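Worksheet: one structure, shown below.
There are 2 protein chains.
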Amino acid sequence: MNNDVLVVGSVAFDTVENANGKVSRVLGGAASYASICASYFARPSVVAVVGTDFSPKDKAPFLKRGVNLDGLEIREGKTFHWGGCYDKDFNNAVTRFTDLNVFQNFNPVLNERQKNAKAVFLANINPELQLAVLDQVKKPSLVACDTMNYWIASRKKALLEVVKRIDVFFLNEGEARQLTGVYNLIEAGRILLEKGVKYVVIKLGSNGAMLVSKKGIIQLPPYILEHVHDTTGAGDTFGGGFTGYLASLKNWNTLASIKRAMMIGNVMASFTIESFSVDRLAHLTQRDIRKRLNEYTTMLKF
Amino acid sequence: MNNDVLVVGSVAFDTVENANGKVSRVLGGAASYASICASYFARPSVVAVVGTDFSPKDKAPFLKRGVNLDGLEIREGKTFHWGGCYDKDFNNAVTRFTDLNVFQNFNPVLNERQKNAKAVFLANINPELQLAVLDQVKKPSLVACDTMNYWIASRKKALLEVVKRIDVFFLNEGEARQLTGVYNLIEAGRILLEKGVKYVVIKLGSNGAMLVSKKGIIQLPPYILEHVHDTTGAGDTFGGGFTGYLASLKNWNTLASIKRAMMIGNVMASFTIESFSVDRLAHLTQRDIRKRLNEYTTMLKF
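Those protein sequence lines, which keep their order, are chains A and B. When the letters of the first sequence are read in order and numbered with this note's numbering, they come out as residues 401 to 702. When the letters of the second sequence are read in order and numbered with this note's numbering, they come out as residues 401 to 702.
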């Protein structure tokens, strides 16, 4: 592929509280985590919308990482603002408020370059918007997609239309069960394969991730972190790293590539959860990443 | 070591019901699973007690696998009988009844050969009995120990005495949290290391297992099984395979050995959960085991 990866989703502010403290109105949103993560492997461009309160300071992490923001629309009003908190189980957030603000009228329009994107990551947004994006992209080689319980409950039909048209589908355990009505994750994955997607990647939180595909089933552990600071954005980081890595390959469509993409997703997520927001994720060196990838493969070597 | 491994624990009857069906009064008990599993790597001998209702048919799986039953005491009365059921989440059993029967007066007495055992697996029993066994074993090179929530709640002090005197401690996530009062599993493991055990192995059910030790922290995924039949005994199998494998080594006390023992525990547990009772576990060939070990290492190779 040409190394470009188009990321469509939310750029937002987060207000998060957990056992490690509280932050207010810090940079968040699935497209932020995903694109900043993807920047270590590919050239991401973002399609999202923010309000006039989105400051140069908020843009800085993207620019530092060379993320193309031509598709970041600035609209009169306030930026999407999510508030949530975590109990000692960092895997599950409890939402306190969701102020969609300008995001409720988000209508992704791609420019010419974006329409020619070879790799696309549809971060967690309304599946109807995901379909609208797919209608604009001319000939993608790789489309990956994330979702959440809210869309499964409210837009299941549209989501299943999306599933037909994508290559990689990220969802967590609960979402896989909710969408398919089946408890066993492998069976759930198989049902989704039947609907047309090639690779189902079930994110297992602190237990890593599982791949269900016709080429094989794989379960990989997480990169082990002794101290978890904040898991917000970990799944988006996983998806961004996974897709960005594949976008850098000549042939992404092999089991070996997908397995490596899972490892990269796991390792990149470990950086995100070491801080609030993208504070850690946006300031990595290739050496930081290589070191963890080496530790990871060493852990799994027999 | 000399390849002998002493297994002390319960030999019992299980009545189990789950989504796949129901079985009544089939062979169960932690020492059964553990010793039969260990027999593929070492020469296990069992110390346990059963009632006069324990028939030659019930003994057959042990004898088939060459498990030494010199220490299987037969006492007037009925054999320990456990009844439980599983919801669709096979990781958690709900106990329906626990008829201890002759087991309530279990008082493990070792013969001379057993007293000289180099490797000991203290399966899940009252920690006071585990201490009584440790007092009889002369100079063990390796002592591994399992427990359960019941003993953590009712015999915590004795259990912590056990922890001081063992090398490897198996427990599941909930038990690790219950025993230490700490949610983070790595922190929980570290607390137990401080109490004197060398290797804390936290069993993660369908997510594999995690090792916490001063030599390193490792998390390994399970061997993936598409269809789970019954998870009863999976943890005991894990412990038995782990300890049996280590008993076959000259030097078990290295991180590489422990990691391999974890893999073996995971793979052996996958056989147990393919059937009720020891139906599958007791009828394996070395080739069956090698095949899964190869698939496992292939899955984790990058």
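Just so you know, even glycine gets a beta-carbon here, dropped at the ideal spot from N, CA and C. A quick note: this is a predicted structure, and the numbers were derived from the prediction, not measured.
Task: Residue-level contact to chain B via CB, residue 658 (chain A), 7 Å cutoff - done: Interface residue (Cβ-Cβ distance to chain B less than 7 Å): residue 658 (chain A) is not classified as such.
TODO: Using a threshold of 7 Å, state whether the C-beta atoms of residue 414 (chain A) and residue 482 (chain A) are closer than that.
DONE: yes
Open item on the list: I'd like the list of long-range same chain contacts for residue 376 (chain B), defined as Cβ closer than 6 Å, with 5 residues on each side in sequence excluded.
Closed with: The shown model of chain B, from 401 to 702, leaves out residue 376 (chain B), and the question about it has no answer.
- [ ] Can you tell me which of the three DSSP states residue 541 (chain B) falls into?
- [x] coil
Open item on the list: Would residue 405 (chain B) and residue 438 (chain B) qualify as a contact pair, given that the criterion is a beta-carbon distance under 7 Å?
Closed with: yes
Open item on the list: In whole angstroms, give me the CA-to-CA distance for residue 548 (chain A) and residue 484 (chain A).
Closed with: 15 Å
Open item on the list: Below 8 Å on the Cβ atoms is my contact criterion, and I expect residue 449 (chain A) with residue 497 (chain A) to pass it. Report the Cβ-Cβ distance as a whole number of Å.
Closed with: Incorrect: roughly 19 Å between the Cβ atoms, too far for contact.
Open item on the list: Tell me which residues of the region 603-624 of chain A have at least one Cβ-Cβ distance to chain B shorter than 7 Å, keeping chain order.
Closed with: 604, 607, 608, 617, 618, 619, 620, 621, 622, 624
Task: Simplified DSSP assignment, three categories, for residue 435 (chain B) - done: helix
Open item on the list: Buried or exposed for residue 575 (chain B), going by 16 or more other Cβ atoms inside 10 Å?
Closed with: buried
Open item on the list: Below 8 Å on the Cβ atoms is my contact criterion, and I expect residue 615 (chain A) with residue 655 (chain A) to pass it. Report the Cβ-Cβ distance as a whole number of Å.
Closed with: 4 Å
Task: Cβ-based neighbour list, residue 475 (chain B), same chain, cut-off 7 Å, excluding 5 preceding and 5 following - done: 449, 451, 502
- [ ] Would you list the residues sitting across from residue 444 (chain B) in a DSSP beta bridge?
- [x] DSSP, once it has assigned bridges, lists B:405 as partnering residue 444 (chain B).
Task: Nearest residue (CA-CA) to residue 420 (chain B), options B:455, B:488, B:441, B:401 - done: B:488
Open item on the list: Is the separation between the beta-carbon of residue 463 (chain A) and that of residue 677 (chain A) shorter than 7 Å?
Closed with: no
Open item on the list: Under 8 Å, with one C-beta from each stretch per pair, do the region 550-561 of chain A and the region 524-541 of chain A reach the 3-pair mark?
Closed with: yes
Task: Cβ shell of residue 453 (chain B) (< 6 Å), same chain only, five flanking positions each side left out - done: When the five nearest sequence neighbours on each side are left out, the beta carbons in the same chain lying within less than 6 Å of the beta carbon of residue 453 (chain B) are those of 478, 479, in order along the chain.
TODO: Keeping to the same chain, check which residues put their C-beta closer than 7 Å to that of residue 436 (chain B); ignore five residues upstream and five downstream.
DONE: 461, 462, 465, 467, 678, 681, 682
- [ ] Say whether the region 661-673 of chain B touches the region 631-641 of chain B, bearing in mind that this needs 3 or more beta-carbon pairs closer than 8 Å, one atom from each stretch.
- [x] yes
Open item on the list: Less than 7 Å between the beta carbons of residue 500 (chain B) and residue 646 (chain B), yes or no?
Closed with: no
TODO: Tell me where the alpha helix (DSSP H) around residue 610 (chain B) begins and ends.
DONE: Element bounds for residue 610 (chain B): not the alpha helix (DSSP H) but the beta strand (DSSP E), 609-613.
Task: First and last residue of the uninterrupted beta strand (DSSP E) at residue 682 (chain A) - done: Here residue 682 (chain A) belongs to no beta strand (DSSP E), and DSSP marks it neither H nor E.
Task: chain B contacts made by the region 567-596 of chain A, where a contact means CB separation under 7 Å - done: 583, 586
TODO: Would you please verify whether the beta carbon of residue 702 (chain B) is less than 7 Å from any beta carbon of chain A?
DONE: Yes, its Cβ sits closer than 7 Å to a Cβ of chain A.
- [ ] Anything in the region 461-491 of chain A with a Cβ closer than 8 Å to a Cβ of chain B? List those residues in chain order, please.
- [x] 488, 489
Task: Residue closest to residue 572 (chain A), alpha-carbon to alpha-carbon, out of A:605, A:457, A:425, A:519 - done: The shortest C-alpha separation from residue 572 (chain A) is found at A:605.
- [ ] Output yes or no for whether 7 Å exceeds the beta carbon distance between residue 403 (chain A) and residue 442 (chain A).
- [x] yes
Open item on the list: Using 8 Å for Cβ pairs, my map puts residue 611 (chain A) next to residue 658 (chain A). What's the rounded Cβ distance?
Closed with: 6 Å between Cβ atoms; contact.
TODO: State the beta-bridge partners of residue 457 (chain B) as determined by DSSP.
DONE: None, per the DSSP bridge assignment.
Open item on the list: Can you list, in chain order, the residues of its chain with a C-beta nearer than 8 Å to that of residue 617 (chain A)? Leave out the 5 residues immediately preceding and following it.
Closed with: Apart from sequence neighbours up to five positions away, the residues of its chain that approach residue 617 (chain A) with a beta-carbon distance below 8 Å are 586, 589, 610, 611, ordered along the chain.
Task: Interface flag, residue 626 (chain B) vs chain A, CB-CB below 7 Å - done: yes
Task: Rounded straight-line distance, which links the Cα of residue 632 (chain A) to that of residue 493 (chain B) - done: Straight-line measurement puts the Cα of residue 632 (chain A) at about 32 Å from the Cα of residue 493 (chain B).
- [ ] Could you work out which residue in A:578, A:696, A:540 is closest to residue 550 (chain A) when comparing CA atoms only?
- [x] The shortest C-alpha separation from residue 550 (chain A) is found at A:578.
Task: Residues that residue 699 (chain A) contacts on chain B, provided the C-beta gap is smaller than 7 Å - done: 618
Task: Backbone secondary structure at residue 645 (chain A) - three-state DSSP - done: helix
- [ ] Go through its chain and collect everything with a Cβ distance to residue 696 (chain A)'s Cβ below 8 Å, but skip five positions before and after it.
- [x] Correct list, in chain order: 623, 663, 666, 667.
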